[in-house]
Amino acid sequence: MIIFKRINKLNKEVNFKAKIGFVPTMGSLHKGHISLINLSKKYCEKTLVSIFINPSQFNSSSDLKNYPKNLKKDIHILKKLKVDYLLMPNVNEIYKSKKSMKIKLNKKDKIMCSIYRPGHFEGVLAVINQFLLKLKPKYIFLGEKDFQQIFLIKKFIKKKFKTKVYACPIIRDNNNVALSSRNILLNKKDVKKSSFIANLLLKFKNNLKKNINFKKNLNNFFYKINSITNIKVEYLEIRNKKNLSKIYNKNNFKIFLAYYNKKIRLIDNY
Ligand code: AMP
114 MIIFKRINKL NKEVNFKAKI GFVPTMGSLH KGHISLINLS KKYCEKTLVS IFINPSQFNS
174 SSDLKNYPKN LKKDIHILKK LKVDYLLMPN VNEIYKSKKS MKIKLNKKDK IMCSIYRPGH
234 FEGVLAVINQ FLLKLKPKYI FLGEKDFQQI FLIKKFIKKK FKTKVYACPI IRDNNNVALS
294 SRNILLNKKD VKKSSFIANL LLKFKNNLKK NINFKKNLNN FFYKINSITN IKVEYLEIRN
354 KKNLSKIYNK NNFKIFLAYY NKKIRLIDNY
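This is the structure:
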C-alpha cells in the first residue's frame, strides 16, 4: 500500500484512467468500511481509501475534537486488506479557501439530519466536491447507513462529475446495531439499548410491509423509544426511499431514525 499525504504526489503516481475505486472515510475503520473496500476491490482494478476527518461537516467543535481516531490500527487493517493507495491529507491540502468548505443545499433537501445538523451536509458535499475535483476516480463507494448523505451526494455528483456511485448496504453487528465509528464511545449497557432499538425498528418495518396503514402507530413508536432511559429521539420518519418525499407505499418506504444514546448521536434506517 502506498500512503500519500499530498494530492499532487498521488496524482503523479496513480493512473486515474484505470478503473479506480475511491472509498472516502473518516477513519476508525470497522466492518462497514471494510465492506465498501471489499466491493471496490471486487469491481475495480485499484482501490484508493482516504482518511480525512472533515472539519467542515461538524457543527460542534467538541464533536470534532471527540471524534474517534485510530490511525495505527486503520493502516494495519488497510495493509491487511491489500488496499493499493491510502490518502491522508491535512485540511490545507483539501480546502484552499473558507468558501470552498461549504456547498449550499436546496431548500427541499433541508429535512431530517440537515435540520438537526445545520451545515453538516454542506460540509459533506464540499469535501466530496474537493476530492472529485482533485482526483478522478471512476467509482466512489458509499454506505447506505448514511442514507440521506448518499442521496445528496448522488444528486450532486450526477450534475457535475462522471464518477459512478456505488451504494453499499448497512453492515450491522451481531446485536443488529448498525456499525459506526462512534459505537466505540458506547458502553455495554448503551449497546444493549441500541440493539433493542434496532430490533424494534426492524419489527416496525416488517409490520409496515404487511400493511402500510401501520404507519398510524409511528407516534406511539416514537414515544416508546424516547421513554428508554438516556435515549432521546431526534427524529423518526417514514419516507420514500427513492426521493425522500413523504409519499410512499409499502414497496418503496424506509424508516429513518436519529437519536442520542446518552451523549452519542446515532442514526439508523430500515
Ligand atoms: P465515515 O468514516 O463514518 O465517514 O464513513 C465512511 C463511509 O462508510 C460512508 O460512506 C459511510 O456511509 C460508510 N459506512 C459507515 N458505517 C457503515 C455501515 N455500518 N455499513 C455500511 N457502510 C457504512
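My numbering puts the first residue of the sequence shown at 114, with every later residue one more than the last. Every residue, glycine too, gets a C-beta built ideally from N, C-alpha and C.
So residue i is in the alpha helix (DSSP H); what residue range does that whole segment cover?
{"i": "E206", "result": "204-207"}
{"i": "F335", "result": "331-339"}
{"i": "G145", "result": "144-156"}
{"i": "V304", "result": "301-323"}
{"i": "L199", "result": "Careful: L199 lies outside any alpha helix (DSSP H), inside the beta strand (DSSP E) at 198-200."}
Pull up the CB-CB distance for residue i and residue j, whole angstroms please, since I reckon it's below 8 Å.
{"i": "M114", "j": "K182", "result": "About 19 Å; that fails the 8 Å criterion."}
{"i": "T160", "j": "V196", "result": "5 Å"}
{"i": "I258", "j": "A291", "result": "This sequence places Lys at residue 258; Ile is not what is there. Right, their Cβ atoms sit about 5 Å apart."}
{"i": "L255", "j": "F234", "result": "Between F234 and L255 the Cβ distance is about 13 Å, and since that is not below 8 Å, they are no contact."}
{"i": "F260", "j": "I241", "result": "Between I241 and F260 the Cβ distance is about 16 Å, and since that is not below 8 Å, they are no contact."}
{"i": "I150", "j": "L194", "result": "6 Å"}
{"i": "L299", "j": "I190", "result": "The Cβ separation is near 21 Å, so there is no contact."}
{"i": "D303", "j": "N374", "result": "5 Å"}
{"i": "K345", "j": "Y372", "result": "6 Å"}
Roughly how many angstroms lie between the CA atoms of residue i and residue j, to the nearest whole one?
{"i": "S293", "j": "P282", "result": "13 Å"}
{"i": "L379", "j": "Y348", "result": "11 Å"}
{"i": "I297", "j": "Y180", "result": "10 Å"}
{"i": "K267", "j": "N219", "result": "14 Å"}
{"i": "S163", "j": "K185", "result": "14 Å"}
{"i": "E158", "j": "Y252", "result": "11 Å"}
{"i": "N173", "j": "R119", "result": "According to the sequence as given, residue 173 is Ser; it is not Asn. The straight-line gap from Cα to Cα measures roughly 27 Å."}
{"i": "V127", "j": "N287", "result": "38 Å"}
{"i": "C226", "j": "D381", "result": "11 Å"}
{"i": "Y156", "j": "A131", "result": "12 Å"}
{"i": "N356", "j": "D176", "result": "30 Å"}
{"i": "N289", "j": "A311", "result": "6 Å"}
{"i": "F327", "j": "E350", "result": "13 Å"}
{"i": "E206", "j": "I133", "result": "21 Å"}
{"i": "N203", "j": "L238", "result": "18 Å"}
{"i": "K277", "j": "T342", "result": "43 Å"}
{"i": "S148", "j": "I116", "result": "21 Å"}
If you follow the beta strand (DSSP E) that residue i is in, where does it begin and where does it stop?
{"i": "D381", "result": "377-382"}
{"i": "V240", "result": "No beta strand (DSSP E) contains V240, which is instead part of the alpha helix (DSSP H) from 233-247."}
{"i": "N353", "result": "344-353"}
{"i": "L255", "result": "252-256"}
{"i": "L161", "result": "159-164"}
For residue i, decide whether its Cβ has a neighbour in chain D, counting only Cβ atoms nearer than 8 Å.
{"i": "L152", "result": "The structure shown contains no chain D; it holds only a single protein chain."}
Next on the checklist: For the stretch 237-250 against the stretch 355-369, do three or more pairs of beta-carbon atoms, one drawn from each stretch, fall closer than 8 Å, so that the two count as touching?
Outcome noted: In short, these stretches do not touch, since the Cβ pair count stays below three.
Checklist entry - Should the stretch 198-217 be regarded as contacting the stretch 166-176, the criterion being three or more beta carbon pairs within less than 8 Å? => result At 8 Å Cβ cutoff, the stretches touch.
Next on the checklist: I need the residues with a C-beta less than 6 Å from some heavy atom of ligand 1; please give them in chain order.
Outcome noted: Per the Cβ criterion, the list is T138, M139, G145, H146, S148, L149, L255, G256, K258, D259, C281, I283, I284, A291, L292, S293, S294.
Item to check | Three CB pairs or more closer than 8 Å across the stretch 331-341 and the stretch 358-365 | outcome: Taking 8 Å as the limit for Cβ pairs, the verdict is that the stretch 358-365 does not touch the stretch 331-341.
Item to check | Given 8 Å, three or more beta-carbon pairs between the stretch 219-238 and the stretch 134-153 | outcome: In this structure the stretch 219-238 does not lie against the stretch 134-153, because fewer than three pairs of beta carbons, one per stretch, are closer than 8 Å.
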